[in-house]
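Trainee: Heads up: the sequence shown runs through residues 81 to 279, numbered per the numbering used here. Beta carbons are placed, not taken as given, at the ideal position from N, Cα and C, and that holds for glycine. All values reported here derive from a predicted model rather than from experimental measurement.
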Amino acid sequence: MALKLQNAEFIKSAASPDALIYDDLPRIVFSGKSNVGKSSVINRVLGRSNFARVGSRPGKTVHVNYFKIDGRAYFIDLPGYGYASVSRSEKARWSALMEYFFENTAFSLGVMIVDCRHKPTADDVTMAAWFRDTASPVVVIANKRDKVKNSALEGNIETIRETLGLGATEIIPFSAETGEGKTRLISLLEEAVRGGAGA
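1. In this structure, what does DSSP give as the bridge partners for G190?
2. Roughly how many whole angstroms lie between the Cα atoms of S169 and Y161?
3. For A279, count neighbouring Cβ atoms within 10 angstroms of its own Cβ and tell me buried if that reaches 16, exposed if not.
4. So what does I156 bridge to, in DSSP terms?
5. Out of curiosity, what's the CA-to-CA distance linking S78 and D157?
6. Would you please state the rounded distance, in angstroms, between the beta carbons of G247 and P217? I believe it to be under 8 Å.
7. Suppose only complete runs of 3+ residues qualify. What are the beta strand (DSSP E) ranges in the region 217-279, listed by chain order?
8. Please report how far the alpha carbon of I240 lies from the alpha carbon of A209, in whole angstroms.
9. If you draw a straight line from the C-alpha of M192 to the C-alpha of R274, how long is it?
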């Protein structure tokens with residue numbers, strides 16, 4: 081049965097480990113640096129214009145946000161990372177929360193969003209390592225594809241693959257603006273939900 085992606089509801093924001101949700105529903109985890117367009121990717125997938133908030137400035141998603149999709153799965157929007165203006169204490173809180181999350185949360189699919197135009201950052205490499213250590217399936221979304229010339233795309237994708245060290249992990253060129261890559265990503269999301277629980 082196809083996942084009714086527009087049937088989405090916000091459940092809660094978790095700012096500490098004791099607020100995280102643990103139940104039997106599959107979990108799809110979205111991560112990305114603060115200005116990579118993570119909320120826009122989620123909105124494009126859901127077919128909603130402003131469901132996951134698109135901040136007026138980077139660094140505004142500071143909690144683990146849970147959205148229930150079609151009553152059958154969670155989309156989990158992790159805090160954006162790598163924003164220079166965030167205080168040292170906030171960076172420490174984020175790091176501690178993420179370490180706990182990855183050590184204690186099983187999930188059906190990790191969706192790591194990077195910028196198709198640029199080499200991944202050191203923070204991206206750290207996030208990729210966290211995903212890799214879980215041994216859960218992961219897909220990399222190379223967002224902002226619409227801003228990359230066709231002639232440069234293949235080289236950019238290869239740079240992303242080599243920098244993140246994710247081997248044969250699928251990388252999907254994606255545009256939250258045009259919808260390129262959406263169909264493939266949705267097929268992976270549905271496959272992950274069919275595959276079972278994330279508890």
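Mentor: For this structure:
1. For the purposes of this step, residue 190 is taken as the residue at position 110 of the sequence shown. In DSSP, G190 forms a bridge with V109, V218.
2. Within the sequence shown, numbered from 1, the residue matching residue 169 stands at position 89. Within the sequence shown, numbered from 1, the residue matching residue 161 stands at position 81. Roughly 14 Å between the two C-alpha positions.
3. By one-based count along the sequence shown, residue 279 stands at place 199. In this prediction, A279 scores a pLDDT of 45, lower than 50, which makes its location untrustworthy; the coordinate-derived value is nonetheless stated afterwards. It is exposed - the Cβ of A279 has fewer than 16 other Cβ atoms within 10 Å.
4. Numbered from its first residue, the sequence shown carries residue 156 at position 76. In the DSSP output, where bridge partners are listed per residue, I156 has V109, Y146.
5. Given that the chain is displayed from residue 81 to residue 279, the structure contains no residue 78 and the question cannot be resolved.
6. Counting from one through the sequence shown, the residue named residue 247 turns up at place 167. Counting from one through the sequence shown, the residue named residue 217 turns up at place 137. Not a contact, Cβ separation roughly 13 Å.
7. 218-223, 251-253
8. Counting from 1 along the sequence shown, the entry for residue 240 is found at position 160. Counting from 1 along the sequence shown, the entry for residue 209 is found at position 129. Approximately 14 Å, taken between the alpha carbons.
9. Position 112 of the sequence shown, counted from the first residue, corresponds to residue 192. Position 194 of the sequence shown, counted from the first residue, corresponds to residue 274. Answer to the nearest angstrom: the Cα atoms are 20 Å apart.
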